[in-house]
Amino acid sequence: MISLSLDTSEKNLSIGLDIDGSVFTLTEPAFLRQSEILVERIDETLKCHRVSPLEIERIIVTNGPGSYTGVRIALTVAKVMALASGAKLYLASSLEGLCPAKGRWLCLDNARGKRSYMGVYADGECLLKDCIKDNSEVAAYINDHPDLTPIGDLAYLGLPSPEIDVAKNLLSRLDDAHLCHEPLSARPVYLKDDYEAGSFKITVRKTLPSDLDAIMDIEAESFLHPYTREQMLSELTQNPCAHVYSALVDAEVVGFIDFMITFNSATISQIAVRKDMRSKGIGNRLIGQMIKDCEAQSDPVEYITLEVRQSNEKAQKFYKRHKFEPILVKKGYYDDGEDAVYMVRSIVHG
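Mapped onto this note's numbering, the consecutive letters of the sequence shown carry residue numbers 16 to 365.
Laid out in structure tokens, this is it:
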């Protein structure tokens, strides 16, 4: 029997091949390059051992937690290979992939923002479901559980990092508990903070082309006449005046802002937040980022303008909270004939 294991959930790329009990593994640093080299490395590995992709009978892949993009890369490739060859697909936690099947392990990975992904596994069983903890909580947990061996790339915690063979570890999890009965339904697992309680970290950064899928989904649910993907990509890559930022929660794009700065003024082209994440402070952070950019210009930005549908009273209230004042109504401004309220915020006197 021939089995393949894949993991790109963090900075390394890991591939494992089990041919009738003989195991071969490859681990390679591939930070931000997983999508470029994974298929090539799989092809090289199979050719080296004279294995056809159609001969693979089982594929096991990690499905998170970890890098938002990294998790998707290996999972997508694994699903395509399984569907093409008829191989069975198995899914394992990225944290579980850090530890051998035997032993008692505290599996850890850097979740950024002084937090860790954490899970406890012992002799192949999950004792503590994967979760997110502050690093201070992790340190306390380590002290309180001396029977557990911390494992992972632990340098971010100031701890020694043991040698790990994720590809080999995954090949030991080919059992019914990890079998995915519907490969098409396999999705990445992204651990969530407590959204309802408001205790989650919002990160605002410049938008990347890889954000576009999520942004287009937000566009579709937010606007009557959303931008096309080509229009959004043009804003991102070809408009020298555009500033485009994404808001992320747990590595998921949940909102964005697109604004232009020209001479002494700025204009908001678009701002939107995913429906299930509205009224949680994300729009405030995006406006805050825009203000920072305006204040950082060598030629001072004096005012910011925008147009909003006259019927969108909720949006108008939001802008008023951020010191935008309605100046006039633009008749028939939108394609469907609706009027727009023109609003202005003064940076100098705001």
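In this text, a Cβ means the ideal position worked out from N, Cα and C, and glycines have one as well.
CA-to-CA distance, residue j to residue i, given in whole angstroms
i: H364; j: A257; result: The predicted model places H364 with a pLDDT of 47, which falls under 50 and marks its position as unreliable; any figure quoted below should be read in that light. For H364 and A257, the distance between alpha carbons rounds to 24 angstroms.
i: S50; j: D22; result: 12 angstroms
i: F368; j: L69; result: An answer regarding residue 368 cannot be provided, because it is not within the stretch 16 to 365 covered by the chain.
i: S261; j: L343; result: 30 angstroms
i: S284; j: L90; result: 35 angstroms
i: G85; j: D354; result: 44 angstroms
i: D168; j: Y132; result: 12 angstroms
i: T222; j: V259; result: 6 angstroms
i: R188; j: G173; result: 30 angstroms
i: D35; j: S20; result: 14 angstroms
i: K216; j: F271; result: 16 angstroms
i: N254; j: L248; result: 9 angstroms
i: S108; j: Y318; result: 49 angstroms
i: I362; j: E234; result: 28 angstroms
i: Y348; j: N327; result: 14 angstroms
i: L251; j: T164; result: 46 angstroms
i: N78; j: E322; result: 42 angstroms
i: I88; j: D180; result: 19 angstroms
i: S176; j: N27; result: 14 angstroms
i: P161; j: S100; result: 45 angstroms
i: M292; j: V153; result: 28 angstroms
i: S67; j: A155; result: 48 angstroms
i: R300; j: I286; result: 11 angstroms
i: A93; j: R202; result: 12 angstroms
i: I75; j: I306; result: 47 angstroms
i: S237; j: A45; result: 36 angstroms
Residue i vs residue j beta-carbon contact at 8 angstroms
i: N125; j: Y83; result: no
i: S18; j: L186; result: yes
i: R130; j: K144; result: no
i: V219; j: Q304; result: yes
i: L206; j: P341; result: no
i: S29; j: L41; result: yes
i: P316; j: S294; result: With the sequence shown as reference, residue 316 is identified as Val, and Pro is not the correct amino acid for it. No, the Cβ-Cβ distance between V316 and S294 is not below 8 angstroms.
i: V264; j: D226; result: no
i: E72; j: M16; result: yes
i: L32; j: H64; result: yes
i: Q312; j: I276; result: yes
Residue of the options minimising C-alpha distance to residue i
i: C122; options: R130, L113, G128, K129; result: L113
i: V54; options: I297, I319, Y357, M96; result: M96
i: H240; options: D351, N254, D265, L248; result: D351
i: Y242; options: D273, V268, I302; result: D273
i: A116; options: Y136, F333, A311, P198; result: Y136
i: K103; options: Y334, D58, H196, I57; result: H196
i: S37; options: R48, D228, S151, K183; result: K183
i: L106; options: S200, Y156, R127; result: S200
i: C309; options: R360, A192, E245; result: R360
i: G296; options: I276, R336, S237, M275; result: R336
i: T282; options: Q246, Y357, D228; result: Y357
Three-way DSSP call (helix, strand, coil) for residue i in this model
i: S100; result: helix
i: H193; result: helix
i: T252; result: helix
i: K242; result: In the sequence as displayed, the identity of residue 242 is Tyr instead of Lys. Looking at Y242 - three-state DSSP - the assignment turns out to be coil, as it is neither helix nor strand.
i: M16; result: coil
i: A287; result: strand
i: E72; result: coil
i: P224; result: helix
i: I372; result: Outside the displayed range of the chain (16 to 365) lies residue 372, so it cannot be described from this structure.
i: E353; result: coil
i: Y156; result: helix
i: I179; result: coil
i: E267; result: strand
i: D138; result: coil
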